[in-house]
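Contents: one structure, followed by commentary.
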Amino acid sequence: MKLQFFNTLGRQKQVFEAIAPHKAGMYTCGQTVYDYPHIGNMRTYLFEDFLKRILMYNSYEVTHIMNITDVGHLVSDADEGEDKMEKGSARTGKSVWEIADYYTKAFIDDVKLLNIIPATKYTKATDYIKEQIDMIKCLEDKGFTYITSDGVYFDTSKLSDYGKLAQIDVEGLEEGKRIEFSAEKRNKTDFALWKFSPKDTKRQMEWKSPWGIGFPGWHIECSAMSRKFLGDTFDIHCGGIDHIPIHHTNEIAQSEACTGKPFAHYWLHGAFLEEDDGKMSKSKGEFLCLKTLTDKGYSPLDYRYMCLGTHYRKRLLFSWDVLDSAKNSFNRLKQNIIRMKEENAPGKSGEQDRVNLYKSDFLESVNDDLNMPQALAVTWEVVRNTGISDKNKLELIYDFDRVLGLELKKFVDESRRGQISWAEFEIPDAPIKQGIPSEVLELINKRAEAKAAKNFKLADELRNKVRELGYVIIDKKGGVEVKEIKN
RNA sequence: GGCGACGUACCCAAGUGGCUUAAGGGAGAGGUCUGCAAAACCUUUAUUCAUCGGUUCGAAUCCGAUCGUCGCCUCCA
1 MKLQFFNTLG
11 RQKQVFEAIA
21 PHKAGMYTCG
31 QTVYDYPHIG
41 NMRTYLFEDF
51 LKRILMYNSY
61 EVTHIMNITD
71 VGHLVSDADE
81 GEDKMEKGSA
91 RTGKSVWEIA
101 DYYTKAFIDD
111 VKLLNIIPAT
121 KYTKATDYIK
131 EQIDMIKCLE
141 DKGFTYITSD
151 GVYFDTSKLS
161 DYGKLAQIDV
171 EGLEEGKRIE
181 FSAEKRNKTD
191 FALWKFSPKD
201 TKRQMEWKSP
211 WGIGFPGWHI
221 ECSAMSRKFL
231 GDTFDIHCGG
241 IDHIPIHHTN
251 EIAQSEACTG
261 KPFAHYWLHG
271 AFLEEDDGKM
281 SKSKGEFLCL
291 KTLTDKGYSP
301 LDYRYMCLGT
311 HYRKRLLFSW
321 DVLDSAKNSF
331 NRLKQNIIRM
341 KEENAPGKSG
351 EQDRVNLYKS
361 DFLESVNDDL
371 NMPQALAVTW
381 EVVRNTGISD
391 KNKLELIYDF
401 DRVLGLELKK
411 FVDESRRGQI
421 SWAEFEIPDA
431 PIKQGIPSEV
441 LELINKRAEA
451 KAAKNFKLAD
461 ELRNKVRELG
471 YVIIDKKGGV
481 EVKEIKN
């Protein structure tokens with residue numbers, strides 16, 4: 001099946017056609033680094049990772065740019081409220097720059113833990129102030145801006161198709177419903193491109209510009225940085241669903257007004273992770289971080305697996321039950337892989353048709369707008385299918401894992417190590433290199449006799465002796481398995 | 001007030017007109033194996049898709065109404 005995505009622009013599934021053959025340019029809205037990312041944030045980055053891996057699985061070379069918003073923006077257009085960066089600074093006593101560095105690092109740590117392929121480049125907003133100013137100049141030259149007492153604004157009435165992404169009914173918007181109305185704005189949808197620093201206070205982050213000292217508006221960084229690294233028009237732009245009406249709508253307005261060309265061809269948006277009381281949000285104070293999960297004994301990949309279980313365009317209600325369910329299922333998948341690796345029955349002839357069928361089932365699932373739950377179901381069908389050999393199963397599963405990203409090829413078998421508690425030693429992965437020494441073999445046989453005679457005390461003693469000699473005995477159905485302990 | 005999304009078994013969840021009298025996973029139950037624990041494996045779990053009505057030869061899938069849940073219209077994934 002051809003690769004297709006649900007495009008927010010037009011609200012329908014479309015076959016993906018890249019601008020350049022076999023290449024895909026992708027821009028994803030990243031983190032505002034004033035606090036730790038919560039697992040809801042990470043859900044979106046996981047969805048984008050699935051997308052990127054699917055592109056790669058389809059042999060696209062992906063250039064992925066993700067912004068790091070390290071500049072604070074005011075809470076509202078009316079120049080009131082607090083700047084999140086400055087607020088974080090006041091809270092911790094660190095400078096805004098230190099805050100940004102610290103939380104950027106925290107974000108990158110989570111990315112790694114979740115086995116998310118890093119972006120080709122992470123672009124920090126403060127590194128590209130010049131590009132942002134240049135773009136505002138471009139808009140000014142073309143007559144899309146006006147200046148008020150507190151900044152430079154974009155006049156949305158100059159753009160005939162403003163709001164096409166969100167299908168906004170401008171008339172129906174009720175500005176001032178939730179925030180103060182800014183009297184100087186010409187249209188309710190107008191937004192700031194550049195904000196002036198308050199006259200009486202000095203901001204930690206501020207820059208000179210043709211319009212006065214200040215800082216960039218909320219949306220210009222994405223337009224400027226995506227243009228610098230991906231060009232005027234690029235393939236895919238992603239973000240959270242909340243960005244559709246404001247942030248992405250305004251990005252499109254700025255970029256298309258400036259370049260006169262279409263901005264991004266495909267817009268994909270991830271739905272929220274929610275809690276019982278609705279959307280997970282930092283402003284509520286308490287929120288779940290990846291560390292909250294790992295502190296409770298879950299692995300980051302348990303969470304990744306959990307996110308694979310629900311389609312990215314559907315909201316997901318977080319609960320510990322759901323995470324437990326994911327963890328159990330993921331463990332079982334790994335146990336199955338261990339078993340397959342151990343038994344590793346060779347492939348039989350005539351299996352290839354079935355193998356190819358599964359492969360195309362998987363491809364069809366992921367290519368159909370990232371149907372990861374379906375892809376996971378195909379993976380399980382492979383695991384359960386008795387018609388193909390372990391060798392072929394493993395090959396298939398490892399291939400699928402290029403998209404799933406669960407590290408199925410190299411995970412450490414933590415679960416089993418913990419479970420065979422009476423053994424008190426690690427079960428080595430490697431098979432025995434040279435034959436088992438006759439001495440050990442003899443003890444193993446004696447133990448088997450003891451077991452048969454139900455003399456378990458003696459059996460356990462013999463097992464310990466074998467252990468001292470460097471071998472592990474594992475009871476299996478129909479006999480024992482012996483492994484060499486690595487030193 | 002405007003815009004948008006969703007409601008499938010005990011839980012999560014795919015399916016969006018006939019291939020499906022509904023995938024897959026978790027949990028539960030029963031079983032296999034076992035000296036014991038765990039794991040693993042097997043079997044089992046919705047005549048039904050929020051409710052009601054309509055369209056159709058045929059609907060979980062389309063239309064309408066009702067009920068319920070949620071998001072956006074401030075920054076936010």
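Numbering (the working numbering), first residue to last: 1 to 487.
Using N, Cα and C, we set each Cβ at its ideal position, and we do this for glycine too.
- By the Cβ test, the stretch 296-313 is in contact with the stretch 40-56, since at least three Cβ pairs between them sit closer than 8 Å.
- By the C-beta criterion, the stretch 113-129 is judged not to be in contact with the stretch 238-252, since fewer than 3 inter-stretch pairs fall below 8 Å.
- With at least 16 other beta carbons inside 10 angstroms of its own, LEU193 counts as buried.
- The continuous stretches of beta strand (DSSP E) do not include GLN374, which lies in the alpha helix (DSSP H) extending over residues 372-384.
- Bridge partners of GLU61 according to DSSP: LYS23.
- No residue range can be given for CYS289, since it is assigned to no beta strand (DSSP E) and is classified by DSSP as neither H nor E.
- Beta-bridge partners assigned by DSSP to TRP211: none are found.
- With contact defined as three or more Cβ pairs closer than 8 Å, the stretch 132-145 and the stretch 212-224 are in contact.
- Contact check for MET85 and TYR34: beta-carbon distance about 5 Å, within the 8 Å limit, so the pair qualifies.
- Non-local beta-carbon contacts of PRO373 in its own chain, meaning distances under 8 Å to residues more than five positions away in sequence, involve LEU308, GLY309, THR310, HIS311 in chain order.
- Around the C-beta of THR92, fewer than 16 other C-beta atoms lie within 10 Å, and the residue is accordingly described as exposed.
- Unbroken beta strand (DSSP E) runs of no fewer than 3 residues, entirely contained in the stretch 229-304, are found at 234-240, 264-270, 273-275, following chain order.
- The Cβ atoms of SER223 and PHE234 lie no closer than 8 Å to each other.
- Rounded to the nearest whole angstrom, the C-alpha separation of ILE147 and LYS52 is 40 Å.
- Boundaries of the alpha helix (DSSP H) around ALA100: 96-113.
- Inter-residue distance for GLY25 and THR292 is about 34 Å (C-alpha atoms, whole angstroms).
- In this model, GLY151 and GLU364 are separated by some 50 Å (Cα to Cα).
- Between the stretch 155-170 and the stretch 187-205, the count of Cβ pairs shorter than 8 Å is three or higher; the stretches touch.
- Under the three-state reduction of DSSP, TYR45 is assigned to helix.
- Beta-bridge annotation (DSSP): TRP218 is not paired with any residue.
- Spatial neighbours of MET280 in its own chain (CB-CB distance under 8 Å, excluding positions within 5 residues in sequence) are listed in chain order as HIS38, ILE39, GLY40, PHE272, LEU273, GLU274, PHE287, LEU288, PHE318.
- In the pairwise beta carbon analysis, the stretch 351-371 is classified as not touching the stretch 257-266: fewer than three pairs are separated by under 8 Å.
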